[in-house]
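Asker:
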Amino acid sequence: MSLFPAYQDKHCESTNSPNTHGAGDDNGDDGASTSWLKNSSYKINNVSAIKRIIISSSDSSDCEVVDTVDLTKKVYPLISLDSDVEVTTTENKNTLQSTKKHKKKKHKSDKHKKQKIKQEYGVEGIFFEDTGDKGNLKVDTLCSRARPLYDLSEKTLGFIKYKSHKNKESMKRYYFHNKKHIKIKKHKMLIKKTKTDTTNDDDNNTEEFDYFLNDKASKDEEKKLKIKEFNEKLSNEPNNINLWLEYINYNDDDNDTNNTIDDNTKIEKKNTEKMLNYQRKLSITEKALEKNKTSIELLKLKLYLMSELIPSDQYSEQLEKLLKNDYGNIIIWQALISSRRSSLSICTVEKIIKLYSNCFETKHKWLRVTQENYDDRLLEMLYNLLIFLRHTGCWEKMWEIIRLNLSLNINYKNTQYLKYLFDEKKLIDMEEIILASKLPLNQLWLRVELLRENCHWISVTKDKIDLIGDSNRFVSTEEIAEFINPLLSKNSNIRMAILSLLSLKIPLLPTRHCAIKDLKFEESYWCIDSVESILPMIYPCVGEISGHEKRCLMGKKLLESGITSGPQYLCYHPAQEFYIAFIRDVFFSIADNLSMNDKINIYIWWLRFERMLIVIQKNNNQNSDKGFKKLKSIIKDFLKKEDNRNNLYYYKEYALIEKEMGKFDNCLSILETAIKIKDNILNNLTIFDDKIAVLNLYRSLVETLLDARHWNDDTTSKILQVFSQMSSGQSEEESLDLTELFFNKCYVEFINDSPTLSQNSMTIFYTNFYCDAVTCYCYFLYIKNNDIKKISEIFERCLEKTNDNPQLQEIFYESQVSLFQFICQRKELKICFLEKYLNEALNKYPDNFYLLSVFASIESEMPNWNIGIKNGHNNRVYSTLALCLAGRARLESPVCVDDPIAKTAALNKLLHFYKRQMRIVEIRRCPLIWRLYMLLLREHDLCEKKGEEIYHESVASCPWARCIYIDAASIAPQNLTQIQDVIREKDLRMHVTPEELDILRE
């Protein structure tokens, strides 16, 4: 039996083929099949043409191997296993080449690599595992249907891209690099202009206009021509101040772009170029002052440039030299006081008060100016002195100066102020409770210090010093005699009253840009030290028909945070009611000694202040039912007086107070009753002042109904009913038509510049008839026809008309923004329209607190939130404060409360905003911004990382502000001893010393 029975038949057939040759033919068929097994030299030449086929049988587990011969292939001789001969024929080489086309490899070493020759062996069934199995490296994954899905969006706050695509050649803006170091070269963004003239084909067919057109040579030539033009104009007009200022500020934009820091520009070079620019400006300013010695603008600019160029001690010496030549110049005095006050090494309370005293001694030289200018200078210096005393904690001295000046000028005779002294026995009992609490030493000192600070603001008589034990609470007249001065004009009495109330931390309601400018507060950025100064941003008293929730977020956790100084009326403490009663008494005592118009202004201010207190107490969840009842009785007694019972403005404010107390129906009934006191038909009123008051009541009634908090389905019909009551028609439709005609007539009369426009004098708290008429007209068009396009046209024409009257234009801007904010809140208009009108208003009136409040509410809700001002007033203190409130509102919004990632991102951006803004000198001198920064560190447990650093920076920037040291004791308790030593060194007020605290603890 054959060893390979299944192979035998096929092998015999293959030996008979013509392509085979060997010894099998001589041995016969029987021997051919087995002879190769017996003869070791026997070789089969056609093995390469045999294919092995494995046949699997279902009946058996064995497999049969069948060899087949491929007759189409050429058969080559086999090589012996022990042979050293290498096959080199071209035919063999061609057959060994792979038929599969491979991709070109990158490495050059693989191009000429000799391909490995595959050997074939005479023995069959030999296999070598020389290729790796890729299946061993395979990792099984889930199919697409079984994979989980995740929602990722770049719009999510805090989203981080997992892969960043970097452009190899990113185009850079023209302002990104220093233009001096940019090589002029071809850029991708080129404009190619093809010439069509066939005669110039041999020339260049294209002209390339480089993207960077500012060639250095042409720019220098342009500068020379411009400077020559300035010199020619100034030689003809040497007294043109605006032209001098334009020449001084020329080329500022180019210097700003050149000073941009990039990889190739060092900070030192930037500062050097900045100083060179300041020196150039200073030399031009000095030449301008030689021609215009009385120019205040040029003198202020010169002093500012000097302060930037030389150190503070040298700057003070230069100012003293200037004062020797012009001893009565109040501008130089203010610069000298500011320089000494801001110097950490020089500033002490005694030295600064001495400077103020020396300045007031020169007042006899101010008489060369008019009476009004003399009063303005006197009141400006007096207000700065009062604020400085308040910042240092000397409340008793500040109040005595206020009281004696009011007594001298407006016959202020309030001798009952001593009844507001806090009971010292109650104070001692509360201190004992604090000392028994076993708190850390820094907390004990802080609580006792703040308790005494809140309760002590009135000076005591000399006989009570031994009982109290604090000599600072007694103020002698000799100490303050230099600061008690009479005013020359009675018209200045109202301004003195306003400044006195502002010194007691009562904000203007509302606070407008023009009012700040008239009161000369534009440069008083250092005066803002407590949260009371920015309350009109949270409670503006204008535009109150929408945006309430956003304003509440801005003030959340801010009022109870303790960012105040001295006695305060915001949060509950033992002396809160005493201080509120004291303020009411001051309001009444001042108003009773003023003229009738000024008296109305002061009383309106007082009623708005009471309304603001109600809103604060309601938002802070303070139980004040007893206080509300007491206030209502005070107001009713006030309205019963003969001089007040017929004043419609008082009834309007009383109605709004009732609304804030939660009595909406009482508010409406009071307004409707007050309107009927005169006559509800506007055309029947012959006295113009009565018409102004009644129309103002109508506007308040409509705005009360428009309030978004009380809006419902019946509101539209109620408002139309109010409009119909203004006219005497037979039906409601006829009355509405007559009302529309009345409003349109007032609008046309205002646009055509009627003589009656000047009948209403503008004051701080009074309204304007035409502004009320136009605003009510816009309300009417919105409620009846929803004609937003016409409303926009009306406001635009009125704003254009009032370009020469900034006070009235500012009120128009407030009305426009208020109405469009209400429309946007009702989702009837996109927010971009409101931003357009708001930015236009802020560009003209950047210190309007209501406009800043709306701006902050918009910034706090932007999807990709980033703190920054889009207008050109980002260096102003009030704008920075508004953005600080926007950042706090963002952190308290549901977006950040529900998402910790969003909260972290918003917190980091707010911290970076503070760090960036502190580089500006005016903002760095504002104590309130530093206090808001410290509050943020306390709220988010960042005191350990940044507390000590911020303490040193804040004290170096505001060394006169006592509140900075008090807050620093909270964020850097390890430096408490150092803080107390600095307070003593600066002569700041300290109510309890460490030695006294140790005695009390024992």
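Numbering-wise (the UniProt record's numbering), the sequence shown opens with residue 1 and increments by one. No residue lacks a Cβ here, since even glycine has one placed at the ideal position from N, Cα and C.
Just confirm the distance between the C-beta atoms of Leu508 and Pro536, as a whole number of angstroms; I'd bet it's less than 8 Å.
Answerer: For the purposes of this step, residue 508 is taken as residue 508 along the sequence shown, with counting starting at 1. For the purposes of this step, residue 536 is taken as residue 536 along the sequence shown, with counting starting at 1. About 7 Å separates the two Cβ atoms, so the contact holds.
Asker: So what's Tyr654 in DSSP terms, helix, strand or just coil?
Answerer: In the sequence shown, counting from the first residue as 1, residue 654 sits at position 654. Reduced to three states, the DSSP call for Tyr654 is helix.
Asker: Are the segment 780-795 and the segment 633-653 in contact at 8 Å, needing three or more beta carbon pairs?
Answerer: Counting Cβ pairs under 8 Å, fewer than three are found: no touch.
Asker: If I measure Cβ to Cβ from Pro238 and keep anything under 8 Å in the same chain, skipping five residues before and after, which residues do I get?
Answerer: Locating residue 238 in the sequence shown gives position 238, counting from the first residue. Same-chain partners within the cutoff: Lys291, Asn292.
Asker: Does the Cβ of Met398 have 16 or more other Cβ atoms within 10 Å, making it buried, or fewer, making it exposed?
Answerer: For this step, residue 398 is matched to residue 398 along the sequence shown. Flag for Met398 reads buried.
Asker: Measuring CA to CA, which of Leu559, Leu451, Lys517 is closest to Ala575?
Answerer: On the sequence shown, position 575 is the one that residue 575 refers to. Ranking Leu559, Leu451, Lys517 by Cα distance to Ala575 puts Leu451 first.
Asker: Nearest-angstrom Cα distance between Cys958 and Leu741?
Answerer: In the sequence shown, the residue the question calls residue 958 occupies position 958. In the sequence shown, the residue the question calls residue 741 occupies position 741. Spanning the two alpha carbons is a distance of roughly 58 Å.
Asker: Kindly indicate which residue of Asp376, Ser669, Ala335, Lys300 has the alpha-carbon position closest to the one of Glu317.
Answerer: Residue mapping note: residue 317 aligns to position 317 of the sequence shown, counting from 1. Residue Ala335 is the option with its Cα nearest to Glu317.
Asker: Report the option in Met661, Phe582, Gln314 whose CA atom is closest to the CA atom of Gln622.
Answerer: To locate residue 622, count along the sequence shown from 1; it is residue 622. Of Met661, Phe582, Gln314, the residue nearest in Cα terms is Met661.
Asker: What is the residue span of the alpha helix (DSSP H) that Ala969 lies within?
Answerer: Numbered from its first residue, the sequence shown carries residue 969 at position 969. Ala969 -> alpha helix (DSSP H) spans 962-971.
Asker: Where do the N-terminal and C-terminal ends of the alpha helix (DSSP H) with residue 1010 fall, by residue?
Answerer: With the chain covering only 1 through 1002, there is no way to say anything about residue 1010.
Asker: Assign Thr686 to one of two classes, buried (16 or more other C-beta atoms within 10 Å of its C-beta) or exposed (fewer than that).
Answerer: Along the sequence shown, one-based indexing puts residue 686 at 686. Per the 10 Å Cβ criterion, exposed.
Asker: Determine the DSSP secondary structure at Lys640, reduced to helix, strand or coil.
Answerer: Here residue 640 corresponds to residue number 640 of the sequence shown, with the count starting at 1. Coil, per DSSP.
Asker: Sorted by chain position, which residues of the same chain lie with C-beta nearer than 6 Å to Arg341's C-beta, five sequence neighbours on each side aside?
Answerer: Within the sequence shown, the letter at position 341 stands for residue 341. Cβ within range, chain order: Cys347, Ile352, Trp960.
Asker: Could you work out which residue in Arg377, Thr802, Leu446, Phe588 is closest to Ser489 when comparing CA atoms only?
Answerer: For the purposes of this step, residue 489 is identified with residue 489 of the sequence shown, where counting begins at 1. Residue Arg377 is the option with its Cα nearest to Ser489.
Asker: With distances taken Cα to Cα, identify the nearest neighbour of Asn249 among Phe230, Ser235, Gln314.
Answerer: Here residue 249 refers to the residue found at position 249 of the sequence shown. The option with the nearest alpha carbon to Asn249 is Phe230.
Asker: According to DSSP, simplified to helix, strand and coil, what is Leu519?
Answerer: In the sequence shown, counting from the first residue as 1, residue 519 sits at position 519. Three-state DSSP puts Leu519 in coil, outside helix and strand.
Asker: How should Asp689 be labelled, buried or exposed, when 16 other C-beta atoms within 10 angstroms of its C-beta is the threshold for buried?
Answerer: Position 689 of the sequence shown, counted from the start, is the residue given in the question as residue 689. Asp689 should be labelled exposed.
Asker: Quick check on Leu1000: does DSSP put it in helix, strand or coil?
Answerer: Position 1000 of the sequence shown, counted from the start, is the residue given in the question as residue 1000. Three-state result, Leu1000: helix.
Asker: Which residues mark the beginning and the end of the alpha helix (DSSP H) in which Ser312 is found?
Answerer: In the sequence shown, the residue the question calls residue 312 occupies position 312. That run of the alpha helix (DSSP H) goes 312-325.
Asker: Along the chain, where does the alpha helix (DSSP H) that runs through Ala693 open and close?
Answerer: Reading the sequence shown from its first residue, position 693 is the one you call residue 693. That run of the alpha helix (DSSP H) goes 688-706.
Asker: Given this structure, state the Cα-to-Cα distance separating Ser724 from Leu656, to the nearest angstrom.
Answerer: The residue labelled residue 724 in the question sits at position 724 within the sequence shown. The residue labelled residue 656 in the question sits at position 656 within the sequence shown. Roughly 23 Å between the two C-alpha positions.
Asker: Under DSSP, the alpha helix (DSSP H) around Thr461 begins and ends at which residues?
Answerer: Translated into the one-based positions of the sequence shown, residue 461 becomes position 461. Unbroken run through Thr461: none, as it is neither H nor E.
Asker: For Asn875, I'd like the list of residues in its chain whose CB is within less than 6 Å of its CB, leaving aside the five on either flank, ordered along the chain.
Answerer: Along the sequence shown, one-based indexing puts residue 875 at 875. Closer than 6 Å at Cβ, skipping near neighbours: Ile920.
Asker: Thinking just about the alpha-carbon of each residue, which of Thr461, Leu570, Phe812, Leu808 is nearest to the one in Cys776?
Answerer: Stepping through the sequence shown from its first residue, residue 776 is reached at position 776. Comparing Cα positions, the closest option is Phe812.
Asker: Report the rounded CA-to-CA distance for Ala515 versus Tyr782, giving the unit in angstroms.
Answerer: Indexing the sequence shown from 1 puts residue 515 at position 515. Indexing the sequence shown from 1 puts residue 782 at position 782. Whole-angstrom Cα-Cα distance: 31 Å.
Asker: Should Leu444 go down as buried or exposed, given a rule of 16 or more other Cβ atoms within 10 Å for buried?
Answerer: Locating residue 444 in the sequence shown gives position 444, where the first residue counts as 1. When all chains shown are included, Leu444 counts as buried.
Asker: Do you know offhand how far Thr362's Cα is from Leu519's?
Answerer: The residue labelled residue 362 in the question sits at position 362 within the sequence shown. The residue labelled residue 519 in the question sits at position 519 within the sequence shown. Each residue's alpha carbon lies about 22 Å from the other.
Asker: At the level of alpha carbons, what is the spacing between Lys986 and Ala968?
Answerer: For the purposes of this step, residue 986 is identified with residue 986 of the sequence shown, where counting begins at 1. For the purposes of this step, residue 968 is identified with residue 968 of the sequence shown, where counting begins at 1. Straight-line Cα distance between these residues: approximately 16 Å.
Asker: If you reduce the DSSP assignment to three classes, tell me which class Ser954 lands in.
Answerer: The residue you call residue 954 lines up with position 954 of the sequence shown. Of the three classes helix, strand and coil, the one that applies to Ser954 here is helix, per DSSP.
Asker: Please work out which residues of its chain come closer than 7 Å, Cβ to Cβ, to Phe765, disregarding the five sequence neighbours upstream and downstream, and give them in chain order.
Answerer: Residue 765 sits at position 765 when you count from the first residue of the sequence shown. Taken in chain order, the residues that qualify are Asn601, Ile604, Trp605.
Asker: Note down, in chain order, each residue of its chain lying with its Cβ closer than 6 Å to the Cβ of Lys281, except the 5 sequence neighbours on either side.
Answerer: On the sequence shown, position 281 is the one that residue 281 refers to. Hits under 6 Å: Ile248, Leu305.
Asker: How many angstroms separate the CA atom of Pro148 from the CA atom of Ser860?
Answerer: For the purposes of this step, residue 148 is identified with residue 148 of the sequence shown, where counting begins at 1. For the purposes of this step, residue 860 is identified with residue 860 of the sequence shown, where counting begins at 1. Using only the alpha carbons, I get a separation of about 35 Å.
Asker: Between the segment 385-402 and the segment 555-568, do at least 3 Cβ pairs fall closer than 8 Å?
Answerer: Because the criterion of three Cβ pairs below 8 Å is met, the segment 385-402 and the segment 555-568 touch.
Asker: Anyone know if the C-beta pair for Phe769 and Ile675 falls short of 8 Å?
Answerer: By 1-based counting over the sequence shown, the position of residue 769 is 769. By 1-based counting over the sequence shown, the position of residue 675 is 675. In this structure, Ile675 does not lie closer than 8 Å to Phe769 by Cβ.
Asker: Do you know offhand how far Ser459's Cα is from Tyr278's?
Answerer: As a first step, residue 459 must be located in the sequence shown, where it is residue number 459. As a first step, residue 278 must be located in the sequence shown, where it is residue number 278. If I take the Cα positions, the gap works out to 48 Å.
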